[in-house]
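A short write-up of the structure that comes next.
Set out below in structure tokens:
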């Protein structure tokens, strides 16, 4: 049978054909008025993605590069920062901070839990000298979304800078950077932005820039002052073709409308959650988000085999669990350029593989539950 | 919501990305050893598609051009030919034959019926002066396949030349041109071949060439003697980029294996038939084939609206009925580059639209029936 690729992983996500074609355009020289004009237009339009009036900077790196840029630019060795660790990407904040000799105060939670504004408030009260709070808006490793708006209410009228990793959350979860008062937001390209990996974006407000001015950390490639100085041009070689693709992707985002995109992710995630519950499976997250639905692998089933058969036999790439939940959960993404039929495909494939592995489910039962959600949201409009 | 395009129409069908990319390669000059060598290789490999040792000729036209080529080259004005009319494409044979002043003996059947070898045998006995029998292997307008192998047994040891329109059937239905003794086979590119529209292919054996030698019909562009003379080169400008694409498509076909491809179409069509029956719908064809499943529009439902909503709201392009069955049937294709999830998508979309139009079906019921067939054929391997 023909095996098409269905990318239901929380990054990389499918890239629309029109965006791919932009990547196939002629690479022009980056130090030309022609390219700088494209870059300027693209970075200006990128503000829409974050719902901010502040400048957005783009560099060639994975999302981790943007996380490092935030740490390296906001702090100095010995500075105190609060970090929420409730999954793989919260841990990454800590690892980077430790690499920069930051004095880390960790809010360590069980995987699948979501930090609350109250917990942030308490950590700040307990650590009045903390300069930054590092959060993960969507903890992709557990399929959990935090109450970022609520947390921003805590930090907004303090000197503490609120940083959020929106690598997977951008466009998948509502995010109003300026209105909510998020000081720094970082993201990557291969997620909601519908691009291949390779670009990282960061935006920061005046409150954050004040910390940048004081930072004594060693840094060069990710030195935000260099990016600010050369803006809209790039201090180092920019990703020419990825910028073409970003420009096109932002156009698609604007055409669809950011509220519609947030809603689309919510609907697909609702359908997925409803489907897996109908199959008798249990959600892993205590506060499930719209990036990916993390599901507990049922008793007696080999979780690694499940994701492997999904991918190798059916062409459906979902994500397994990371670190200590490896083999214990799987994650079906609803992130990025996906149609309702991509979600139905994921559920149908899951039904095939569960049966194949001896966890008997009635065919169509999960699909039916997904269809019912989708019909209510889409069919009856 | 994101609306992706799902081409579940019996042509055009989805073109694989790797084939599309061949179409994007540099157009070289056709009168060069470089291009003629590509053409020669491609036409040689094309024999595999027909399971023939005879030469295959390719010209720039739709499938209708290949039908005309057969009529124009095999007959002379006043010659008698037997034509099977059991749908739109049987009628097309008659229209072309009449345009060439052929003396047409029509086996006219109800749409949805399949001509039998016995009916062909009787027509030949009744018309001993008939030179050609024109058949439609897959009558796309009704989703019907004929017993071509059985019909060839009737004509094989006579002077009558058997021509078949395999425009939609090629690769979707088993076809062994030489082994069965089919004298002339014609096809088009935008069907099982997974190409955009634009190329027509024809192959004929020595028995057919004898008729070509006698033909006094006026013709120029489709004059097969000109193609034979210049072979493998083309007498007129060939479709350079379409030939690149054809070469790649044949490679994909050979990699998959033609028997596997026939089987793939059978499985997807079986799943589709099972699904629509589970939804309480009725098949239109008396002898359903694997190109497309023709389904009667249920009482009280507007068939044109059904296909329109499928396409405009869900992005799923199926075919409606043509001529006098317009609005009365719809056709879900299983032709070409389709995965099992494309078929599931088509059924899920149908369930949405039937409910939307007031024909209440249980969500997932058709999908389940399709999944059961697919699991038996694919999942348990």
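Residue numbers (full-length UniProt numbering), protein chains in the order written: chain A, 1 to 381; chain B, 1 to 381.
Note that beta-carbon positions come from the ideal geometry of N, C-alpha and C, so glycine has one too.
Predicted model, so just to flag it, every value in this text is computed and none were measured.
Going by C-alpha to C-alpha distance, which of the options sits closest to residue i?
i: residue 200 of chain A; options: A:226, A:242 and A:216; result: A:242
i: residue 68 of chain A; options: A:97, A:88, A:340 and A:146; result: A:97
i: residue 145 of chain A; options: A:195, A:167 and A:357; result: A:167
i: residue 123 of chain A; options: A:278, A:104, A:348 and A:24; result: A:104
i: residue 290 of chain A; options: A:147, A:158, A:127 and A:335; result: A:335
i: residue 315 of chain A; options: A:152, A:255, A:149 and A:306; result: A:306
i: residue 126 of chain A; options: A:156, A:160, A:135 and A:147; result: A:160
i: residue 48 of chain B; options: B:256, B:81, B:222 and B:367; result: B:256
i: residue 232 of chain A; options: A:377, A:37, A:272 and A:78; result: A:37
i: residue 134 of chain B; options: B:174, B:176, B:86 and B:172; result: B:86
i: residue 287 of chain A; options: A:75, A:147, A:73 and A:102; result: A:147
i: residue 246 of chain B; options: B:33, B:29, B:209 and B:57; result: B:57
i: residue 379 of chain B; options: A:368, A:94, A:379 and A:351; result: A:351
i: residue 267 of chain A; options: A:228, A:344, A:31 and A:54; result: A:344
i: residue 373 of chain B; options: B:348, B:272 and B:39; result: B:272
i: residue 129 of chain A; options: A:81, A:171 and A:220; result: A:81
i: residue 89 of chain A; options: A:35, A:155, A:211 and A:164; result: A:164
i: residue 185 of chain B; options: B:12, B:248 and B:53; result: B:53
Taking DSSP as the reference, what is the three-state secondary structure of residue i?
i: residue 216 of chain B; result: coil
i: residue 320 of chain B; result: strand
i: residue 266 of chain A; result: helix
i: residue 328 of chain B; result: coil
i: residue 155 of chain B; result: helix
i: residue 142 of chain A; result: coil
i: residue 367 of chain A; result: helix
i: residue 9 of chain A; result: coil
i: residue 384 of chain A; result: What the structure shows of chain A is the stretch from 1 to 381, and residue 384 of chain A is not part of that stretch, so it cannot be assessed.
i: residue 170 of chain B; result: strand
i: residue 26 of chain A; result: coil
i: residue 222 of chain A; result: coil
i: residue 310 of chain B; result: helix
i: residue 358 of chain B; result: coil
i: residue 33 of chain B; result: helix
i: residue 195 of chain B; result: coil
i: residue 378 of chain A; result: helix
i: residue 373 of chain B; result: helix
i: residue 351 of chain A; result: helix
i: residue 344 of chain A; result: helix
i: residue 299 of chain A; result: coil
i: residue 38 of chain B; result: helix
i: residue 150 of chain B; result: helix
Within 10 angstroms of the Cβ of residue i, are there 16 or more other Cβ atoms? Answer buried if so, exposed if not.
i: residue 371 of chain B; result: buried
i: residue 265 of chain A; result: buried
i: residue 42 of chain B; result: buried
i: residue 131 of chain A; result: buried
i: residue 337 of chain A; result: buried
i: residue 152 of chain A; result: buried
i: residue 17 of chain B; result: exposed
i: residue 191 of chain B; result: buried
i: residue 309 of chain B; result: buried
i: residue 218 of chain A; result: exposed
i: residue 302 of chain B; result: exposed
i: residue 342 of chain A; result: buried
i: residue 137 of chain A; result: buried
i: residue 21 of chain A; result: exposed
i: residue 31 of chain B; result: exposed
i: residue 5 of chain B; result: exposed
i: residue 10 of chain A; result: buried
Name the DSSP beta bridge partners of residue i, please?
i: residue 333 of chain B; result: B:292
i: residue 393 of chain A; result: It is not possible to answer for residue 393 of chain A, since the shown part of chain A is limited to 1 through 381.
i: residue 188 of chain B; result: B:200
i: residue 177 of chain A; result: Partner(s): none; residue 177 of chain A has no beta bridge.
i: residue 126 of chain A; result: Per DSSP, none; premise fails for residue 126 of chain A.
i: residue 284 of chain B; result: DSSP lists no partner for residue 284 of chain B.
i: residue 132 of chain B; result: B:81 and B:161
i: residue 2 of chain A; result: B:339
**Request:** For the stretch 44 to 110 of chain A, list the alpha helix (DSSP H) runs that are entirely contained and at least 4 residues long, ordered along the chain.
**Result:** 63 to 74 and 88 to 99
**Message:** Runs of 4 residues minimum, wholly inside the stretch 225 to 280 of chain B: which ones carry the alpha helix (DSSP H) assignment?
**Reply:** 240 to 256 and 258 to 278
**Prompt:** Listed in chain order, which residues of the stretch 326 to 343 of chain A have Cβ atoms closer than 7 Å to some Cβ of chain E?
**Reply:** Of the protein chains in the structure, A and B, none is chain E.
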